Amino acid sequence: MYKAVIRGVGSYLPETRLTNVEIEQMVATSDEWIQTRTGIAERRIARPDEATSDFAYLAAQAALADAKLHPTDIDLLIVATETPDYLLPPVACQVQARLGCRNIGAFDLHATCAGFLSALQVAEQFVKSGVHEHVLIVGADTLSRFTDYTDRGTCILFADGAGAFVVSRSDDRAARGVIATTIHSDGTYFHNLYIPGGGSRTPYGDGAKAKIVMDGRKIFKLAVNVMSSTVEELLQKTGRQRDEIDWLIPHQANQRIIDAVAESLDFPQEKVVSTIQNIGNNSSATIPIAVDTAIRDGRIQRGDLLMLVAFGGGLVWGGAMVEY
Ligand code: UT7
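Residue numbers for the sequence shown follow full-length UniProt numbering, so the first one is 1 and each next one is one higher.
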């Protein structure tokens, strides 16, 4: 067995900003309400000519540059997304072609906001077992295309963007890298966060809304419970102590959810990475973007112990303990 190390990290945010003041023109809300209840001041969203593969490609390029690898070095490419450019083909194939990778395996992984951590677990298995040397994983979403801008309960949250890791093999079992991963699901909660139209049950054009529908209050409670229990599970699994964690990096869904998770774990707020204020919730992209942001601003250093944790519609949830 080999060690899976995070060799490169990158991200990309669309340039267009959607501010709370602009949202005030769309629904009955206020900047003050949104900031107090979500911590969000503005979000990044796609231009009309941009889609998920554009963000995924740019984030992948940044992670490859950080890893000092060429696209032809990559052995497998996974894009975690719930908002592909097309239902067919996978975004991963578009990214494979644009990067100029070899004819490697490339597939999308759909596990909503826990998609990136699910992709990390898949990459870890391929690398640890020796099947692949370098796996490129991307979390990319364009939620703005599936957001109902007449629904004040959802349009305040959602955003677009992408982040990526290059996960590489190390022969040194003691090397820094992925220490443990876990993923879970409970499909009985599916109707609390879903898109009713546009799939095989009610295709486009058949009247169903292809926009996100959410029971925010219910999802909020579930999110705090499952993210807290995932952190506890990973600590127990690895025998590590809470105070050994340098950075807690939760899915960026709502600042109050992030705060409640830290509080329930009795974890110091100053060691929690939050990027939601000026980015919003861009689903499978939030965790790699938060990691990349905290690396670039000097908070995360090589060797730091990271606790990554996410949840999303499904319900799905998961986490990873990683020595960066
Ligand atoms: O990636 C994961 C996906 N989603 C999530 O993690 C979302 C989890 N949930 C949330 O973030 C929060 O539940 C929301 C931000 C969506 C809503 O915040 P809340 O504090 O849970 O509000 P609430 O739904 O309990 O509603 C409280 C009140 C209601 O009015 P009444 O019934 O008390 O008169 C809502 O109608 O706030 C009202 N409200 C708003 N008021 C102004 C709901 N949305 C808004 C709004 N502006 N945008």
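C-beta atoms are modelled at their ideal positions from N, C-alpha and C, and glycine is treated no differently.
If you're wondering where the values come from, they're calculated on a predicted model, not measured in any experiment.
DSSP three-state label for residue i, please.
i           : result
Y189        : helix
residue 330 : Past the edges of the chain, shown from 1 to 324, lies residue 330, and the structure says nothing about it.
R302        : coil
E82         : coil
G105        : strand
F116        : helix
L77         : strand
residue 375 : In the structure displayed, the chain extends from 1 to 324; residue 375 sits before or after that span and is not available.
V131        : coil
T142        : strand
V95         : helix
P203        : coil
N278        : helix
V122        : helix
T72         : helix
At the level of alpha carbons, what is the spacing between residue i and residue j?
i           : j    : result
G312        : F220 : 10 Å
V314        : Q96  : Looking at the sequence shown, residue 314 is not Val but Gly. Using only the alpha carbons, I get a separation of about 28 Å.
G216        : C155 : 12 Å
R37         : R47  : 27 Å
T238        : A114 : 21 Å
T81         : I74  : 20 Å
P203        : S185 : 25 Å
A223        : E263 : 13 Å
N20         : S170 : 45 Å
H134        : N225 : 34 Å
T29         : R152 : 7 Å
D66         : S283 : 23 Å
A164        : I45  : 18 Å
Q125        : H132 : 9 Å
residue 327 : A92  : Summary: the structure shown does not reach residue 327, with the chain confined to residues 1 through 324, and so no result is reported for it.
R145        : A310 : 22 Å
T230        : T181 : 10 Å
E22         : R102 : 44 Å
N192        : L136 : 32 Å
G198        : L88  : 13 Å
R176        : E24  : 46 Å
Y86         : R240 : 42 Å
V5          : R173 : 10 Å
M214        : K68  : 41 Å
M307        : D31  : 31 Å
V138        : V322 : 17 Å
G318        : I257 : 16 Å
D266        : H70  : 42 Å
V27         : G105 : 44 Å
I300        : Y149 : 36 Å
V178        : A320 : 7 Å
I295        : T275 : 12 Å
S200        : D297 : 44 Å
Could you spell out where the alpha helix (DSSP H) holding residue i opens and where it closes?
i           : result
Y57         : T52 to A67
residue 326 : Nothing in the structure corresponds to residue 326, since the chain is present only between 1 and 324.
S231        : Strictly speaking, residue 231 in this sequence is Val, with Ser absent from that position. That run of the alpha helix (DSSP H) goes G216 to T238.
L88         : No alpha helix (DSSP H) contains L88, which DSSP labels as neither H nor E.
Check this for me: beta carbons of residue i and residue j, under 8 Å apart or not?
i           : j    : result
I279        : G161 : yes
S11         : D292 : yes
V167        : L120 : yes
D304        : K271 : no
E42         : L18  : yes
D49         : P84  : no
V273        : A290 : yes
S118        : I183 : yes
V261        : P250 : yes
L99         : G8   : no
T286        : T142 : no
P288        : F55  : no
Y2          : K128 : yes
N281        : F190 : no
residue 343 : Q277 : The requested residue 343 is not part of the displayed model; the chain covers only 1 to 324.
A59         : A140 : yes
V316        : T112 : yes
Since residue i is in the beta strand (DSSP E), which residue starts that stretch and which ends it?
i    : result
V5   : K3 to Y12
T19  : T16 to T19
V291 : It is not in any beta strand (DSSP E) - V291 instead sits in the alpha helix (DSSP H) that spans T286 to R296.
V316 : V316 to E323
Please tell me whether, using a cut-off of 7 Å, the distance from the CB of residue i to the nearest non-hydrogen atom of the ligand MG is below it.
i    : result
W317 : The ligand MG is absent from the structure shown, which contains only the ligand UT7.
Going residue by residue through the stretch 21-55, where are the continuous alpha helix (DSSP H) segments of at least 4 residues, counting only ones entirely within it?
31-38
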